[in-house]
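Just below is one structure, and these are the notes that go with it.
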Amino acid sequence: MIDPATTTQLRQLYQNLVDQPLWPDDPRYVDLYADPGWAALDPVARLATRIRFSAIESSQLFSGHRGTGKSTQLRKLQRELEGDPTYKVVICDMEDYLPMTDAVDEVDFMLGAAGALSDALVDAGLLGRDSKGDYWTRFVDWLRGQRIDVEQLGLDAKVPVGPGAELRFNVKANLKSDAAFRERVRERMKLHVGAFRAEVHGFAQDCVKWLRAEHGDDTQLVVIYDSIEHLRGITTNERAVAESVEGLFRGHGDALRFPHVHTIYTVPPWLRLHYAGTDGFDSYCQIPCIKVRKRAPDPGGQVQPDPAGLDVLWRVAGKRGDMQWLLRDRAAFDELALACGGYLRDLFRMLTDLTAHAALHGVPVAGDRCRLAIEELRSAYQGFTNRQAVWLQAIEDSGRLDIPDLDDQHTIARFLDTHVLLAYRNGEDWYAVHPVIRELVADRAAAWHRAQRGQAER
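Under full-length UniProt numbering, think of the first position of the sequence shown as 1, with each following residue one higher.
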């Protein structure tokens, strides 16, 4: 029987381990880059410097695996920039405006981006929701000005939204949830894409003018578009969605660069494969996983733990609750930390599972239950063939994505998106197989080579 005090402590730990963005003043927050040894990796410093040094406007890409703390770092960036009252910073969660499992087009992305900016400025109290600040109404007026039939798009009536049953065209809801609406908009806008791009840019410039009228002529607007890296198809359209995201950032960088506005877009880590084609942006900044293992000096060599990275994870987890109490000792925690590869989401996933187990069986959690948590994590990362294991092993050995015999970049993109491959930084970006399947990859790659030799001998 678990006593009530223990149950209460475990419940609090479980809730503290929920995967969500943190603000810098949250008691669970740990500044990973405060240590001088980590300062060179600080993404906030890199993003902020570009903004501060750009006289008029800037446009940057910010990447990293989901669950590595990008949204938390963006909140830290917001607080840091707002220390200077000339900067007005808003964060727009694009998951609220676009479906994350469908291909994205320049038109519907820019419509969502303009509407998100409109909503964010109102929600932050920087602009009022009137005719000038509400982009959704402005968009319908613009359509009419272009002689595009609003009724045929399904925007012939206003619906109650917001406090006081305010009536507005519900473009946002249609954009997010109605695939037929998005298709109709794309079709009707084919001859108006250039004009629409100019309209969105004009709206962004107007926002800056309105902000300067209220807050001073030195005011600068920073817009952070978050959650774009969540765009990910399902089995039937995975490649199409990935290609649409690549096409958006490789082919329309000029459209996403708003005049007189500083923009940051979060993008999936696999876009790094194509960064040479995204020269419409000022920089690409990638947040790495925490390095808990040193790179092997030779291919197939023994991998050694990195004490500095393990200490960081111990500190991060300790802010969520008493790990010594939950796991008995530091060695048990380090075993979990090494298995997660410095990927925070996997670490929290295992700790959450162990916390729930402790609520039924008591603390500390037994060592065999910790090892079972690692095995359960391993089972989530086995979706690859023996041939693909050869590619993964080549990346593990070299630390690079540009392996000579790989002609299917989409597969590597999927492995980055599903965290089979993890990104690190140690002077330069490098990549490694998720350590929980490192031995499995090596075994399956060897099996493929044995099969090839057998075929050649026959």
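Beta carbons: idealized from backbone N, C-alpha and C, even for Gly.
Contacts around ASP42, its chain only, beta-carbon distance under 6 Å, and the 5 residues preceding and following it disregarded: Contacts found: TYR33.
Beta-carbon contacts of VAL208 that lie in its chain and below 7 Å, excluding the five residues immediately before and after: Here the set comprises LEU221, HIS260, VAL261.
Residue burial classification, LEU360 (beta-carbon count within 10 angstroms, cutoff 16): Looking at its Cβ environment, which holds fewer than 16 other Cβ atoms inside 10 Å, LEU360 is exposed.
Beta carbon of PRO21 nearer than 8 Å to that of THR101: No; because the gap between Cβ atoms is not below 8 Å, this pair is not in contact.
Reference VAL223, options LEU77, SER63, GLN452, closest by Cα: Checking every option, the nearest Cα to that of VAL223 belongs to LEU77.
Segments assigned beta strand (DSSP E), at least 3 residues, entirely inside the region 153 to 232: With a minimum length of 3 residues, the continuous beta strand (DSSP E) runs that stay inside the region 153 to 232 are 159 to 161, 166 to 168, 220 to 226.
Neighbourhood of PRO27 by C-beta distance below 8 Å, restricted to the same chain and skipping five residues each side: Residues of the same chain with a CB within less than 8 Å of the CB of PRO27, apart from the 5 flanking positions on each side, are LYS319 in chain order.
Backbone secondary structure at CYS285 - three-state DSSP: Residue state, collapsed to three classes: strand.
Neighbourhood of GLN146 by C-beta, 6 Å cutoff - its chain only, sequence neighbours within 5 removed: If we look at GLN146 and ignore the five residues flanking it on each side, its Cβ neighbours are HIS192.
Three-state secondary structure assigned by DSSP to LYS88: Shown here, LYS88 sits in a strand according to DSSP, grouped into three states.
Range covered by the alpha helix (DSSP H) that runs through THR352: If you look at THR352, you'll find it in the alpha helix (DSSP H) that goes 344 to 361.
Contact test: LEU416 Cβ vs the ligand GDP heavy atom, cutoff 7 Å: The ligand content of the structure shown is nil, which means the ligand GDP is not present either.
Cβ distance (whole Å) where VAL267 is taken to contact ILE234 below 8 Å: The beta-carbon separation of VAL267 and ILE234, rounded to 20 Å, does not stay under the 8 Å limit for a contact.
Buried versus exposed call for VAL200 [16 or more other C-beta atoms within 10 Å across all chains shown]: Counting Cβ neighbours within 10 Å, VAL200 comes out buried, since at least 16 surround it.
Environment of PHE53 [buried if 16+ CB atoms lie within 10 Å]: Around the beta carbon of PHE53, a 10 Å sphere encloses fewer than 16 other beta carbons of the protein chains shown; the residue is thus reported as exposed.
Check whether ARG345 and ARG66 have beta carbons under 8 Å apart: Cβ atoms of ARG345 and ARG66: closer than 8 Å.
Cβ pair ALA432, GLY399 closer than 8 Å: Less than 8 Å separates the beta-carbon of ALA432 from that of GLY399.
As assigned by DSSP and simplified to three states, the class of HIS252: Residue state, collapsed to three classes: coil.
Cβ-Cβ separation, ARG197 to ALA255 (assumed contact under 8 Å), whole Å: The C-beta separation of ALA255 from ARG197 comes to about 5 Å, placing the pair in contact by the 8 Å criterion.
Simplified DSSP assignment, three categories, for ILE412: DSSP places ILE412 in helix when its eight states are reduced to three.
TYR14 and THR263 closer than 8 Å at C-beta: It is not a contact, given that the beta carbons lie outside the stated cut-off.
Buried/exposed call for LEU167, threshold 16 Cβ in 10 Å: Because LEU167 sits at a pLDDT of 41, beneath the cut-off of 50, its placement in the model cannot be relied upon, and the point is left open.
ILE264: first and last residue of the uninterrupted beta strand (DSSP E) it sits in: Per DSSP, ILE264 belongs to the beta strand (DSSP E) from 261 to 267.
Where GLU376 falls, given that 16 or more other Cβ within 10 Å makes a residue buried: Under this definition GLU376 is an exposed residue.
SER54, DSSP secondary structure in three states: Per DSSP, reduced to three states, the secondary structure at SER54 is coil, with no helix or strand assignment.
Contact under 8 Å by Cβ, LEU326 with VAL292: Contact: no.
8 Å Cβ cutoff met for GLU106 and HIS230: One thing to note: GLU106 has its Cβ no nearer than 8 Å to the Cβ of HIS230.
Sequence-distant residues of the same chain with beta carbon closer than 6 Å to LEU421, five excluded per side: Within its own chain, the residues whose Cβ lies closer than 6 Å to the Cβ of LEU421, once the five positions on either side in sequence are excluded, are PHE415, TYR431, listed in chain order.
Contact check, ASP226 vs ASP93, beta carbons under 8 Å: Yes, Cβ-Cβ distance for ASP226 and ASP93 is below 8 Å.
Run of the alpha helix (DSSP H) containing TRP142, from where it starts to where it stops: From DSSP, the alpha helix (DSSP H) with TRP142 extends over 135 to 145.
Run of the beta strand (DSSP E) containing LEU421, from where it starts to where it stops: Element bounds for LEU421: 421 to 425.
Through-space distance from ASP123 to ASP84, alpha-carbon basis: ASP123 has its alpha-carbon roughly 20 Å from the corresponding atom of ASP84.
PRO288 versus GLY321, TYR343, PHE348, residue with shortest Cα-Cα distance: Of the candidates GLY321, TYR343, PHE348, the one whose C-alpha sits nearest the C-alpha of PRO288 is TYR343.
CB of PRO435 within 8 Å of CB of GLY309, strictly: In this structure, GLY309 does not lie closer than 8 Å to PRO435 by Cβ.
Within 8 Å, strictly: CB atoms of LEU153 and LEU211: Taking 8 Å as the cut-off, the beta carbon of LEU153 is found no closer than this to the beta carbon of LEU211.
Proximity to TYR29 [Cα-Cα], best of ASP334, VAL90, GLY321, ASN386: Closest option to TYR29, Cα to Cα, is GLY321.
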